[in-house]
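Q: When the letters of the sequence shown are read in order and numbered with mature numbering (1 follows the signal peptide of the UniProt record, and there is no 0), they come out as residues -17 to -1, 1 to 544. Backbone N, C-alpha and C define an ideal beta-carbon position, used for all residues, glycine too.
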Amino acid sequence: MSLLYLHFCLLNLLSLAEDDRLKQPKQEGRVRLVGDLPSSGRVEVYHDGQWGTVCDDGWELAEAQVVCRQLGFPGAISVKPGGQYGEGSGPIWLDDMNCKGSESSLSECSFKGWGVTDCSHKEDAGVVCETGKNITSNRQFSVDNSLGLSHDLGILFDSGDSCDFRINVQDTSEEEELTFCVHKMILMFYPELNITNDSRNLTVNVSQTCHPHVSAFLRYLYTRQIDVSITSAQCLHQLAFIFGVKKLMEDVGRTFTLLLPEDNTFLTQVSMYEYGVRTGDLVLQENVLQYLSWNCEYLISSPVWSTISFHMMDALLQRSDLIVNDEAFLLEALETWIQDKGEEISSDQQASLLNHIRFLLIPVDKLYETQFSSSVLRQNHEKLYLTGLLRGFQFNALPFSKIRNQMDNMSSEYLSRIYTGDEWSVIINDTTVNYPYYHYGQNNRIQTFSTPAHPSALYREQKVQWKAQVFLSAQECSNYGMSCTSFPVARFYGYGNQERYTSTIRYSNRLILSCKYENNVFHVQDFKNSMAVIPNNSSMDLPNPCPDDYSFRFVVRPEYI
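(1) Residue 172 by DSSP, collapsed to three states: which one?
(2) Is DSSP giving residue 291 helix, strand or coil here?
(3) By the 10 Å Cβ neighbour count, where 16 or more other Cβ atoms means buried, how is residue 248 classified, buried or exposed?
(4) Give me, in chain order, the residues of the same chain whose beta-carbon lies closer than 7 Å to that of residue 630; leave out the 5 immediate sequence neighbours on both sides.
(5) Just how far apart, CA to CA, sit residue 87 and residue 261?
(6) Closest to residue 193 by C-alpha separation, out of 90, 113, 49 and 286, would be which residue?
(7) May I ask which residues mark the beginning and end of the alpha helix (DSSP H) holding residue 539?
(8) If residue 296 sits next to residue 320, beta carbons under 8 Å apart, how far is it from one beta carbon to the other, in whole angstroms?
(9) Would you give the residue range spanned by the beta strand (DSSP E) that residue 371 belongs to?
(10) Give the DSSP bridge partners of residue 493, in chain order.
(11) Do residue 62 and residue 34 have their CB atoms nearer than 8 Å?
(12) Helix, strand or coil for residue 514? Go by DSSP, reduced to three states.
(13) With distances taken from CA atoms, which of 229, 227, 206 and 196 is nearest residue 214?
(14) What are the boundary residues of the beta strand (DSSP E) that residue 453 is part of?
(15) Please state the DSSP three-state secondary structure of residue 8.
(16) Residues in the same chain with beta-carbon distance under 7 Å from residue 404, minus the five sequence neighbours each way, listed in chain order, please.
(17) Using DSSP bridges, identify the partner residues of residue 63.
(18) Only counting the same chain, and skipping five residues up and downstream in sequence, which positions put a Cβ closer than 8 Å to that of residue 542?
(19) Using the C-alpha atoms, what's the distance from residue 428 back to residue 434?
(20) May I have the straight-line CA-CA distance separating residue 340 from residue 303, to the nearest angstrom?
(21) If you compare alpha carbons, which of 82, 84 and 89 is closest to residue 16?
(22) Run the CB neighbour count on residue 134, radius 10 Å, all protein chains shown included, and call it buried at 16 or more, exposed below.
(23) Kindly indicate which three-state DSSP category residue 117 falls into: helix, strand or coil?
(24) Mapping the DSSP letters down to three states, classify residue 468 as helix, strand or coil.
(25) In whole angstroms, what separates the C-alpha of residue 11 from that of residue 31?
(26) Among the residues of its own chain, which have a CB less than 7 Å from the CB of residue 406, if the five just before and after it don't count?
(27) Do the segment 524 to 536 and the segment 242 to 256 meet, that is, are 3 or more Cβ pairs less than 8 Å apart?
(28) Any idea which residues DSSP pairs residue 473 with across the strands?
(29) So what's residue 462 in DSSP terms, helix, strand or just coil?
(30) Pull up the distance between the alpha-carbon of residue 229 and that of residue 187, whole angstroms please.
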């Protein structure tokens, strides 16, 4: 059916017939917040035909995260125990809550049993949810998937002429409702809605914080055009998920990347990933995982580290773009996470995560120390650790010619992550002063250092010399016999003994850009012919949150060929 014919049909539709409104019944396990603001209040859950409260015993941030995400918010800011939002009435449905933080609804968490409690309403639990309103950027992105007639169809939506279908939008507490009159023929282009010729209305549940964005979303169904801002992105993504508009989900998911550098606590990023898992948005999941991989050391040192889910940890550990001090640091962080999770993680899940550790790349001195650890975790997985240690020692002791045939069988086990230990990297912080001439003794944007030719113990004493440079002007490039057309530009090359190892070792070096004072990695790239031209802010995968004050880290990454 052509859009021209569609337009013709819409303009000739009869007025809406009598509305046979069908209200959806309250759903078991739904939650709501009772308070002065839609994003905070006393938590109530619907069970057995009535609303009841939740006792604050065991009420922590993981439980609050589940409630807030169930209500459509990005995540939780804090918990409010002890009836701080007033005492409820009726039953206390839940007590001794124990959530992992990744559940899609509160009733999926562990608890005593419905109505089984020793609490009073003085212990009613509350939460404060994120709303995204603290983000000050008003930058907008135009999404345009139109095929024609967008202007005319937009006017048709705005006027409501000849509309024949009602959409009732409720918030999750059913206390607020919006009604829109639209055209059935438009909705029938979205099969996920199951609209038939006999349908007269549709009721959907949408968080009240997203109600201001419903009209713009419905207009998109007509025009395939919409402006997306940071503050509207999650609501539009949620609406696209509800209505099954997969293309808009993907487009909005890309704008989520702007949010990633905004939150140094990592609460937003983790909740975004879980939201992407629930909605099946692979683009959103990948964007979040890439950012968390680049900022893995900071994530590990944050309180959020102990709350991330098993499937998120599993996805992170499989990546080679993790930026960490070394593999031993990652192993220690994983062991701490497993211990914090306790019985939430089965022995098989523990083993599957530990198998992602690249024992071959643990520095040999730390590999030696690992065998003497007496932790309960290592005792429970003694065979796994011993196998990893054996292979690690073999990798460090045997020449490459002996293990070449086994390389394919090891897959990613021997592939280097981005290790930033002092032995393998150098930082250049000076990005402001211009050096128009040669100033070998003064130019802080030139650094030299040496590394082992390879992490294997066989190469520990065989050094490669490296020179790292950052150029901010054409004159600086010219001083070194180069022609540069874009700035800044980084140069990183080895000299001396490097050519001796080209038959067995390659260097997949990386340049890391990070904010000096905010501990925020926002860009990683490789070198082409020893050069790395820094893209401008608009063409980076992530925006530069500190355009005037960031540092360059040069990382050496040796790999067997």
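A: Let's see:
(1) Within the sequence shown, numbered from 1, the residue matching residue 172 stands at position 189. Coil at residue 172, not helix or strand.
(2) As a first step, residue 291 is located in the sequence shown; it is residue number 308 there, counting from the start. Note: residue 291 maps to coil in three-state DSSP.
(3) Residue mapping note: residue 248 aligns to position 265 of the sequence shown, counting from 1. Flag for residue 248 reads exposed.
(4) Any property of residue 630 remains undetermined from this structure, which presents the chain solely from -17 to 544.
(5) Working through the sequence shown from its first residue, we reach residue 87 at position 104. Working through the sequence shown from its first residue, we reach residue 261 at position 278. Distance between the alpha carbons of residue 87 and residue 261 is about 8 Å.
(6) Taking the first residue of the sequence shown as position 1, residue 193 is located at position 210. Considering only alpha carbons, the answer is 113.
(7) Here residue 539 corresponds to residue number 556 of the sequence shown, with the count starting at 1. Counting along the chain, residue 539 falls outside any alpha helix (DSSP H), and DSSP gives it neither H nor E.
(8) Against the sequence shown, residue 296 aligns to sequence position 313. Against the sequence shown, residue 320 aligns to sequence position 337. 7 Å between Cβ atoms; contact.
(9) By 1-based counting over the sequence shown, the position of residue 371 is 388. Per DSSP, residue 371 belongs to no beta strand (DSSP E); it is in the alpha helix (DSSP H), 365 to 380.
(10) Position 510 of the sequence shown, counted from the start, is the residue given in the question as residue 493. Answer is 509 and 538, bridged to residue 493.
(11) By one-based count along the sequence shown, residue 62 stands at place 79. By one-based count along the sequence shown, residue 34 stands at place 51. Against a cut-off of 8 Å, the Cβ pair of residue 34 and residue 62 comes out as no contact.
(12) Mapped onto the sequence shown, residue 514 falls at position 531. For residue 514, the secondary structure class from DSSP, reduced to helix, strand or coil, is strand.
(13) In the sequence shown, residue 214 corresponds to position 231, counting from 1. Nearest of 229, 227, 206 and 196 to residue 214, Cα basis: 196.
(14) Within the sequence shown, the letter at position 470 stands for residue 453. Note, residue 453: beta strand (DSSP E), 446 to 454.
(15) Translated into the one-based positions of the sequence shown, residue 8 becomes position 25. Legend: pLDDT at residue 8 = 39, less than 50; position of this residue unreliable, no value from coordinates given.
(16) Here the question's residue 404 lines up with position 421 in the sequence shown. So the list reads 308 and 309, once near-sequence residues are dropped.
(17) Here residue 63 refers to the residue found at position 80 of the sequence shown. In DSSP, residue 63 forms a bridge with 109.
(18) Sequence index remark: in the sequence shown, residue 542 carries index 559 (1-based). Excluding sequence neighbours, residue 542 sits near 397, 398, 399, 488, 489, 490 and 491.
(19) Taking the first residue of the sequence shown as 1, we reach residue 434 at position 451. Taking the first residue of the sequence shown as 1, we reach residue 428 at position 445. Rounded to the nearest angstrom, the two C-alpha atoms are 19 Å apart.
(20) On the sequence shown, position 357 is the one that residue 340 refers to. On the sequence shown, position 320 is the one that residue 303 refers to. Their Cα atoms are separated by approximately 11 Å.
(21) Residue numbering aside, residue 16 sits at position 33 when the sequence shown is read from its first letter. The candidate whose alpha carbon is nearest that of residue 16 is 89.
(22) Numbered from its first residue, the sequence shown carries residue 134 at position 151. Exposed is the call here.
(23) Residue numbering aside, residue 117 sits at position 134 when the sequence shown is read from its first letter. Low local confidence applies: a pLDDT of 42 at residue 117 is under 50, so the model's placement there is unreliable, with the coordinate-based value given in what follows. For residue 117, the secondary structure class from DSSP, reduced to helix, strand or coil, is coil.
(24) Locating residue 468 in the sequence shown gives position 485, counting from the first residue. Three-state DSSP puts residue 468 in coil, outside helix and strand.
(25) Against the sequence shown, residue 11 aligns to sequence position 28. Against the sequence shown, residue 31 aligns to sequence position 48. As the crow flies, the alpha-carbon of residue 11 is around 7 Å from that of residue 31.
(26) Here the question's residue 406 lines up with position 423 in the sequence shown. If we look at residue 406 and ignore the five residues flanking it on each side, its Cβ neighbours are 434.
(27) yes
(28) As a first step, residue 473 is located in the sequence shown; it is residue number 490 there, counting from the start. Partner(s): 453 and 515.
(29) Start at 1 with the first residue of the sequence shown, and residue 462 comes out as number 479. If DSSP states are grouped into helix, strand and coil, residue 462 belongs with the helices.
(30) Position 246 of the sequence shown, counted from the start, is the residue given in the question as residue 229. Position 204 of the sequence shown, counted from the start, is the residue given in the question as residue 187. One C-alpha to the other measures close to 18 Å.
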